[in-house]
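Counting in this note's numbering, the sequence shown runs from 2 upward without gaps.
First the structure, in the form of structure tokens, and then the observations on it.
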Amino acid sequence: MDKTDSNFSNIKHKQAFALLVTLSVLSIISALTVILLSYFEKVQHDAADTTALIQADVFYADILETFNRFPKKNKKRLFSFLYKRPIPLKTKDGRFSMNLTCKPSSNGININWLGMENKEKMQDAFTFAQVVFDMLVQEYSLEDGDRLLEMILEEIGGKNQFVTKENARLRQKKGIISYQQFSNIVKSYQIEVDDPKASRIPWKKYFTFSQSANLIDAEYSSPELISVLFDIDLQSVKEWHSDPKRSSLKSFVANNGGDYSARKSIIVGSKFLPESKCQVSFKSSGTTYAFGFEYIKGEAKYFEFYGKK
Numbered sequence: 002m003d004k005t006d007s008n009f010s011n012i013k014h015k016q017a018f019a020l021l022v023t024l025s026v027l028s029i030i031s032a033l034t035v036i037l038l039s040y041f042e043k044v045q046h047d048a049a050d051t052t053a054l055i056q057a058d059v060f061y062a063d064i065l066e067t068f069n070r071f072p073k074k075n076k077k078r079l080f081s082f083l084y085k086r087p088i089p090l091k092t093k094d095g096r097f098s099m100n101l102t103c104k105p106s107s108n109g110i111n112i113n114w115l116g117m118e119n120k121e122k123m124q125d126a127f128t129f130a131q132v133v134f135d136m137l138v139q140e141y142s143l144e145d146g147d148r149l150l151e152m153i154l155e156e157i158g159g160k161n162q163f164v165t166k167e168n169a170r171l172r173q174k175k176g177i178i179s180y181q182q183f184s185n186i187v188k189s190y191q192i193e194v195d196d197p198k199a200s201r202i203p204w205k206k207y208f209t210f211s212q213s214a215n216l217i218d219a220e221y222s223s224p225e226l227i228s229v230l231f232d233i234d235l236q237s238v239k240e241w242h243s244d245p246k247r248s249s250l251k252s253f254v255a256n257n258g259g260d261y262s263a264r265k266s267i268i269v270g271s272k273f274l275p276e277s278k279c280q281v282s283f284k285s286s287g288t289t290y291a292f293g294f295e296y297i298k299g300e301a302k303y304f305e306f307y308g309k310k
């Protein structure tokens, strides 16, 4: 090989090495770019979530202020309206929209009544809760209703083994205080017993999941629960329940052969019970977010930011 060929070969090697270095650098830059872009997107998302949380705090305060403007004598009228339908709020230019939904906290049997067997003053509540639970177990043919009840009682007793890290506030409270907490119990039961039927039971039609519910606000109960409460044909209750001009529950029960006074120890009666669960959804930066809270006797409790909906 002459000198010219040797020089040419060296040049080719240098060019190949330079190309290799260039490709390596480009590969590193490309990887860094992907990392930086993903980090930037995360920062953007985090910033958007933080902005939404701040907005939620403001909306929460404004809603509470509005609620508290209503005199006590008008609270029943306000919440009776809110219980019927979500309230959409929207500006004329469409830049802001929000939906407010409220439901009574005490319109069902407090699931925690199942753990009141040894409390003398709560015997009527415990007995009725147990009767309804047994009825549902039988009606839906659960494989092991006793095991499901055992798991529920363990949670009521304060084990909190079905509370997720995301809902750490629930660990501070004894008992079952949210449907999500109860739903986790049902899921665990299904896996353990291999019984999917438990999730088919319409638990919300019969039970509530709020620690504050000491009585049933039967005026707002489901037709299914009212039917069981007063031993009245379900179809008759549904017809009464769907009538916008319906009579009071007390009159309906009396007219259909039921005994309203027999349940006086576990129902509110004609008095309005100011205990509600509310949820608000709103848009921020094109994304829908939600938060919830409980409004109990004029005070707001348990604010919870749900994040993206």
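Note that the Cβ used here is the ideal one computed from N, Cα and C, for glycine as well.
Taking buried to mean at least 16 other C-beta atoms within 10 Å of its own C-beta, is D218 buried or exposed?
Working through the sequence shown from its first residue, we reach residue 218 at position 217. D218 is buried by the Cβ-count criterion.
Determine the direct distance from the alpha carbon of S277 to that of A57, and round the result to whole angstroms.
As a first step, residue 57 must be located in the sequence shown, where it is residue number 56. As a first step, residue 277 must be located in the sequence shown, where it is residue number 276. Using only the alpha carbons, I get a separation of about 19 angstroms.
If we call anything under 7 angstroms between Cβ atoms a contact, is I157 one with N113?
The sequence position of residue 157 within the sequence shown is 156, counting from 1. The sequence position of residue 113 within the sequence shown is 112, counting from 1. Going by C-beta atoms, I157 is nearer than 7 angstroms to N113.
Using three-state DSSP, classify E144 as helix, strand or coil.
Reading the sequence shown from its first residue, position 143 is the one you call residue 144. Correct three-state label for E144: coil.
Can you tell me which of the three DSSP states P275 falls into?
Here residue 275 refers to the residue found at position 274 of the sequence shown. The answer is coil: DSSP assigns P275 none of H, G, I, E or B.
Looking at the unbroken alpha helix (DSSP H) that takes in P245, where does it start and where does it end?
Indexing the sequence shown from 1 puts residue 245 at position 244. Where P245 is concerned, there is no enclosing alpha helix (DSSP H), given that its DSSP letter is neither H nor E.
Considering Cα atoms alone, identify which of F283, K302, F129 is closest to S266.
One-based indexing of the sequence shown puts residue 266 at position 265. The shortest Cα separation from S266 among F283, K302, F129 belongs to F129.
Is DSSP giving V269 helix, strand or coil here?
In the sequence shown, residue 269 corresponds to position 268, counting from 1. Note: V269 maps to coil in three-state DSSP.
Have a look at A301 and E295 and give me their C-alpha separation to the nearest angstrom.
Stepping through the sequence shown from its first residue, residue 301 is reached at position 300. Stepping through the sequence shown from its first residue, residue 295 is reached at position 294. Roughly 6 angstroms between the two C-alpha positions.
Measure from the alpha carbon of A263 to the alpha carbon of each residue in F183, Y303, K251, then state which is nearest.
As a first step, residue 263 is located in the sequence shown; it is residue number 262 there, counting from the start. It is K251 whose Cα lies nearest to the Cα of A263.
Between which two residues does the beta strand (DSSP E) containing S98 stretch?
Start at 1 with the first residue of the sequence shown, and residue 98 comes out as number 97. Its beta strand (DSSP E) spans residues 98-105.
Buried or exposed: where does P105 fall if 16 or more other Cβ atoms within 10 Å of its Cβ makes it buried?
For the purposes of this step, residue 105 is taken as residue 104 along the sequence shown, with counting starting at 1. Per the 10 Å Cβ criterion, buried.
Tell me which same chain residues have a C-beta within less than 7 angstroms of the C-beta of A126, skipping the five on either side of it?
The residue given as residue 126 occupies position 125 in the sequence shown. Closer than 7 angstroms at Cβ, skipping near neighbours: W114, M117, I267.
Taking the straight line between their C-alpha atoms, what separation do you get for E299 and V194?
On the sequence shown, position 298 is the one that residue 299 refers to. On the sequence shown, position 193 is the one that residue 194 refers to. In the sequence on display, residue 299 carries Gly and not Glu. Going from the Cα of G299 to the Cα of V194 covers about 43 angstroms.
Can the beta-carbon of G259 be found closer than 7 angstroms to that of I233?
As a first step, residue 259 is located in the sequence shown; it is residue number 258 there, counting from the start. As a first step, residue 233 is located in the sequence shown; it is residue number 232 there, counting from the start. Yes, these two residues count as a Cβ contact at 7 angstroms.
For a test of the three-state rule: what should DSSP assign to A291, helix, strand or coil?
Indexing the sequence shown from 1 puts residue 291 at position 290. Strand, per DSSP.
Identify whether A301 lies in helix, strand or coil by the three-state DSSP scheme.
Looking up residue 301 in the sequence shown gives position 300. The answer is strand: DSSP assigns A301 an E or B state.
Can the beta-carbon of S179 be found less than 7 angstroms from the beta-carbon of F134?
Taking the sequence shown and counting its residues from 1, the one referred to as residue 179 is at position 178. Taking the sequence shown and counting its residues from 1, the one referred to as residue 134 is at position 133. Not a contact, by the Cβ cut-off of 7 angstroms.
Quick check: the region 280-288 against the region 240-248, are at least 3 beta-carbon pairs closer than 8 angstroms?
Output reads no: the region 280-288 does not touch the region 240-248.
Quick check on M136: buried or exposed, where buried means 16 or more other Cβ atoms within 10 Å of its Cβ?
On the sequence shown, position 135 is the one that residue 136 refers to. Classification of M136: exposed, given that the 10 Å Cβ count is below 16.
In its own chain, which residues sit with a C-beta less than 8 angstroms from the C-beta of Y207, not counting the 5 before and 5 after it?
Here residue 207 refers to the residue found at position 206 when the sequence shown is read from its first residue. Excluding sequence neighbours, Y207 sits near G109, I110, V133, L137, S223, E225, L226, V229.
Would you kindly check if the distance between the Cβ of F306 and the Cβ of L54 is under 7 angstroms?
Position 53 of the sequence shown, counted from the first residue, corresponds to residue 54. Position 305 of the sequence shown, counted from the first residue, corresponds to residue 306. Contact: yes.
Under three-state DSSP, which class holds Y320?
Past the edges of the chain, shown from 2 to 310, lies residue 320, and the structure says nothing about it.
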